[in-house]
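A short write-up of the structure that comes next.
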Amino acid sequence: TMAYLAGIITKARIGMACLVVPCRNPIYAAKQVASLDVLCGGRLDLGIGIGSPATIHSREYEILGVNRRQRGKICDDYLRAMKTIWTTNPSSYEGQFVRFQDAEIFPKPEQKPHPPLWVGGWTEAAMARTARLGDGWLPAWLKPKDIGGCFGKVKHMAQQNDRDPDKLELGIEVYVSIDHDSAKAKQDAMGTFQASRGTYERQMSLDFLREVSLIGSPKEIRDQIAAYRAAGVSHFELKFIYPTIDRCLKQMRLFSDEVL
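Given below as structure tokens:
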């Protein structure tokens, strides 16, 4: 999908959130990412993670023959191998789950040293992975008053890993339901929240979901975004809630005109 988009989009950056790293061959994945970064002129962002409960419940790991219990360790090992491929030639790596010697793998990414890696997830493990290997942290389900403190912990862990904490960026994954009528925007969101609560990383009430989403009138959403920005958020991954494509396009236009 991203390769298709790279061929028709000439200005906007493209990316995914998130690539379930342990379910990919890291050597192939590194080459695919590098090729895509070259084809889109260095406009690629890569979200990486280990999957949500929806991934686990679908038995994706079992079907692909990957040890789910070791998915965190596999993810870190694969990411280190991928970084080695992107930044060296010939490339050699000796890890717990992947190893290769004197591999000549091209092209190298357009962006140096590689496309930005956004680590998805709100858990302590995701925070630690960001500190060790990420360029940005992309959590969800955090209120503005909480996310700043959590990001402070990520930066502290980055320092402990001899990395510059000031180079890390902070994003947030949020649902969006926008309408000039605030009540309609909130009502439109309820169906999705009720139907999909079982796929989230933890049990959350409908009231809490409303608090960690951008829902309401343009002004209400601008105020919510301002609170996240004050806490240090620089990037927003928006998930529009919509019953039809027409409704989705209308929301996107409204968001673009009155919020963006």
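Residue 55 is where the sequence shown starts when you use this note's numbering, and the numbers rise one by one after that.
C-beta: ideal position from N, C-alpha, C; glycine also.
field: Residue burial classification, Gly206 (beta-carbon count within 10 angstroms, cutoff 16)
entry: exposed
message: Less than 8 Å between the C-beta atoms of Ser236 and Gly270, yes or no?
response: yes
message: Judging by CA-CA distance, which residue of Lys85, Glu114, Gly96 and Val92 is the nearest neighbour of Tyr132?
response: Lys85
- prompt: Alpha carbon to alpha carbon, what distance is there between Gln165 and Phe294?
  reply: 29 Å
- request: Return helix, strand or coil for Gln165, following the three-state DSSP convention.
  value: coil
task: Please name the residue in His210, Gly245, His111 and Val228 whose C-alpha comes closest to that of Pro297.
output: Gly245
task: Kindly indicate which three-state DSSP category Leu222 falls into: helix, strand or coil?
output: coil
query: With contact counted as at least three CB pairs below 8 Å, one residue from each stretch, are the region 119-131 and the region 69-85 in contact?
result: yes
- prompt: In chain order, what residues of the same chain lie with their CB nearer than 6 Å to the CB of Arg183, ignoring the 5 residues before and after it?
  reply: Val173
field: Through-space distance from Ser288 to Ala281, alpha-carbon basis
entry: 11 Å
- request: For Gly101, count neighbouring C-beta atoms within 10 Å of its own C-beta (all shown protein chains included) and say buried if the count is 16 or more, exposed if not.
  value: buried
- prompt: Leaving out the 5 sequence neighbours to the left and right, which residues in its chain are closer than 8 Å to Phe154 when beta-carbon positions are compared?
  reply: Ile81, Ala135, Ser145, Ser146 and Tyr147
- prompt: What did DSSP end up calling Phe154 once you bin it into helix, strand or coil?
  reply: strand
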